[in-house]
Structures are given as C-alpha cells and as structure tokens.
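Basically our numbering = 1-based index in the sequence shown + 137. Contents: one structure, followed by commentary.
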Amino acid sequence: MRFVGRSIPEDARAFFTKVTDWLKEYLENPAPTTRVIFQLEYMNTSSSKCFVDMLKMLEVVHQDATDVTLVWYYDEEDEDMEDTGEDFKNMFEFPVELRGVDDLLQRPFDL
C-alpha cells in the first residue's frame with residue numbers, strides 16, 4: 138500500500154472510505170508480509186487521523202504474526218514530516234523505517 142503526494146481532503150473520513158474498506162477486506166487474509174509506503178509532501182490533521190486508524194488496523198495483524206513494515210519517506214529538509222514519521226515510529230510496534238530523501242516526489246520508491 139502506498140500513499141504519495143499531498144493529502145488535504147476536506148472530509149478525510151469520506152475520502153479514505155474505499156481505502157479503509159479495502160484494507161479491512163485485505164486484513165481478513167493478509168499476505169505474510171505487508172509494506173506500507175508513505176511518500177507525502179504534506180498531510181492535514183484529518184488525513185493524519187485516518188492514517189493512524191489504518192495503521193492501528195495493521196498493528197492488530199502484526200501482533201498476529203503478519204510481518205508489517207512502514208517505510209516513511211520525507212523530504213530531508215522537512216522537519217515536520219520527519220517528526221511525524223518519528224511519532225508513527227513511537228506509536229506502533231511494527232518496524233518503521235525513516236528515510237530522508239532530496240527528491241521526494243520525483244520518483245516512486247520501491248515497495
């Protein structure tokens with residue numbers, strides 16, 4: 138699963154409904170390894186709350202022996218997004234890899 142760009146919907150809950158529904162279905166029979174890639178330039182508070190909710194869902198399957206990894210790419214000059222990645226790292230038990238890059242939106246990063 139990958140999130141790229143800017144996440145600024147006015148109603149994030151409604152915006153992410155299809156993603157959340159898909160994730161619920163996926164988590165009924167997840168792959169042995171699940172990687173979540175964040176490659177965000179910016180996200181608003183309501184998006185952040187939705188992402189936390191999705192990651193909490195992944196935390197449950199991680200505790201049930203599914204290998205979950207979050208890779209958090211951020212612009213190496215953006216301390217706010219780096220701090221957000223640190224917050225996620227401290228919030229969850231699954232591994233969170235923080236990767237500062239200088240070309241955040243120039244290319245997709247590997248899953």
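Using N, Cα and C, we set each Cβ at its ideal position, and we do this for glycine too.
Practice task
Kindly indicate the opening and closing residues of the beta strand (DSSP E) around residue 212.
Solution key: Translated into positions along the sequence shown, residue 212 becomes position 75. Note, residue 212: beta strand (DSSP E), 204-212.
Practice task
Could you pull the start and end residues of the beta strand (DSSP E) that residue 180 belongs to?
Solution key: Position 43 of the sequence shown, counted from the start, is the residue given in the question as residue 180. Taken as a continuous stretch (DSSP letters only), the beta strand (DSSP E) holding residue 180 covers 170-180.
Handout entry: Where the alpha helix (DSSP H) through residue 153 begins and ends
Key = For the purposes of this step, residue 153 is taken as the residue at position 16 of the sequence shown. From DSSP, residue 153 is part of no alpha helix (DSSP H); its letter is neither H nor E.
Exercise for the section: With a threshold of 16 other CB atoms inside 10 Å of the CB of residue 228, please say whether the residue is buried or exposed. Expected result: Looking up residue 228 in the sequence shown gives position 91. So residue 228 ends up on the exposed side.
Exercise for the section: Take the Cβ of residue 221 as the centre, count every other Cβ of all protein chains shown within 10 Å, and call the residue buried at 16 or more, exposed below. Expected result: Numbered from its first residue, the sequence shown carries residue 221 at position 84. Looking at its Cβ environment, which holds 16 or more other Cβ atoms inside 10 Å, residue 221 is buried.
Practice task
Would you decide whether residue 85 is buried or exposed? Buried here means 16 or more other CB atoms lie within 10 Å of its CB.
Solution key: The chain is shown only over 138 to 248; residue 85 falls outside these bounds and no answer can be derived.
Handout entry: Per-residue DSSP class, three states only, for residue 229
Key = Taking the first residue of the sequence shown as position 1, residue 229 is located at position 92. It is coil, neither helix nor strand.
Problem - Exposure of residue 176, with buried meaning 16 or more beta-carbon neighbours within 10 Å - result: The count along the sequence shown starts at 1 and reaches residue 176 at position 39. The residue in question, residue 176, is buried, as its Cβ has 16 or more Cβ neighbours within 10 Å.
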